[in-house]
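Participant: Sending over a structure as structure tokens; questions will come in a sec.
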Ligand code: 4NP
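Numbering (this note's numbering), first residue to last: 5 to 174.
Set out below in structure tokens:
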């Protein structure tokens, strides 16, 4: 089990979107980088509710956006959410409200993971969506996704380092 700078076991965090080729791999990459920067040990992964892109690398536009913002997601491989994820992870962040509804439908009774929206970690955006850039005509939509997931990653890491997760949040 990973430990953080204070010797605490690291939390396990999963990001879930529809295809696991755009938003959730960007969220995974952003949180991995922010945790590494701040010396926080975490288990971080991502998955999709859909099965269209299993085994695929992230969308090229997402890979390019990550690179523009200084991190690399080219090695990630799309997978689908499994029932075991609800036991392995402490928190599962849905990238949008439909993803959250799908997770709630998939969750085994009495599961361990806390299910929530990633937008709840973005100031002023609680209860909303990290919008899907997949069908966007302008690749700039992916930069907006990166901005959202970087903001959320900073919020998550700050809270974990401050210890306020021990009051029942992440
Ligand atoms: P993601 O974006 O959920 O952010 O990975 C999508 C990727 C693929 C599809 C939809 C959204 N698709 O319909 O194939």
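Even glycine gets a Cβ: it sits at the ideal position worked out from N, Cα and C.
Among the candidates 155, 53, 66, whose CA atom is the shortest distance from the CA of residue 123?
Facilitator: Residue 123 has its Cα closest to that of 155, out of 155, 53, 66.
Participant: Round the Cβ separation of residue 42 and residue 161 to the nearest angstrom and send it over; I've been treating them as touching at under 8 angstroms.
Facilitator: Yes, they are in contact, since the Cβ atoms of residue 42 and residue 161 sit about 5 angstroms apart, within 8 angstroms.
Participant: Just to confirm, are residue 82 and residue 115 a CB contact at a threshold of 8 angstroms?
Facilitator: Not in contact: residue 82 and residue 115 (Cβ atoms no closer than 8 angstroms).
Participant: Check whether the Cβ of residue 73 sits closer than 7 angstroms to any heavy atom of the ligand 4NP, and report yes or no.
Facilitator: Not under cutoff, so the answer is no.
Participant: Are at least three pairs of beta-carbons, each pair with one atom in the region 60-78 and one in the region 86-99, less than 8 angstroms apart?
Facilitator: No contact exists between the region 60-78 and the region 86-99.
Participant: Please look up how many angstroms separate the CB atoms of residue 48 and residue 103, rounded, as I've assumed it's under 8 angstroms.
Facilitator: Their Cβ separation, rounded to whole angstroms, is 17 angstroms, which puts residue 48 and residue 103 out of contact at 8 angstroms.
Participant: Please state whether DSSP places residue 78 in a helix, a strand or coil.
Facilitator: Coil.
Participant: Shorter than 7 angstroms, the distance from the beta carbon of residue 132 to the closest heavy atom of the ligand 4NP, or not?
Facilitator: Incorrect: residue 132 has no Cβ contact closer than 7 angstroms to the ligand 4NP.
Participant: With DSSP run on the structure shown, which of helix, strand or coil describes residue 4?
Facilitator: Here the chain has residues from 5 to 174 only, and residue 4 is not among them.
Participant: Tell me whether residue 17 sits in a helix, a strand or coil according to DSSP, three-state version.
Facilitator: The answer is strand: DSSP assigns residue 17 an E or B state.
Participant: Quick one: using the 10 Å Cβ neighbour count with 16 as the cut-off for buried, is residue 38 buried or exposed?
Facilitator: Under this definition residue 38 is a buried residue.
Participant: Between residue 106 and residue 53, is the Cβ-Cβ spacing less than 8 angstroms?
Facilitator: Yes, the pair counts as a contact, with Cβ atoms nearer than the cut-off.
Participant: Return yes when the C-beta of residue 33 is under 7 angstroms from any heavy atom of the ligand 4NP, and no when it is not.
Facilitator: The answer is no for residue 33.
Participant: What first and last residue would you give for the beta strand (DSSP E) that runs through residue 119?
Facilitator: Per DSSP, residue 119 belongs to the beta strand (DSSP E) from 118-121.
Participant: Quick check: is any heavy atom of the ligand 4NP less than 7 angstroms from the C-beta of residue 138?
Facilitator: True, at least one ligand heavy atom lies under 7 angstroms from that Cβ.
Participant: Considering Cα atoms alone, identify which of 68, 44, 78 is closest to residue 60.
Facilitator: Of the listed residues, the one whose Cα sits closest to residue 60 is 78.
Participant: Assign residue 66 to one of two classes, buried (16 or more other C-beta atoms within 10 Å of its C-beta) or exposed (fewer than that).
Facilitator: Buried, because 16 or more other Cβ atoms sit within 10 Å of the Cβ of residue 66.
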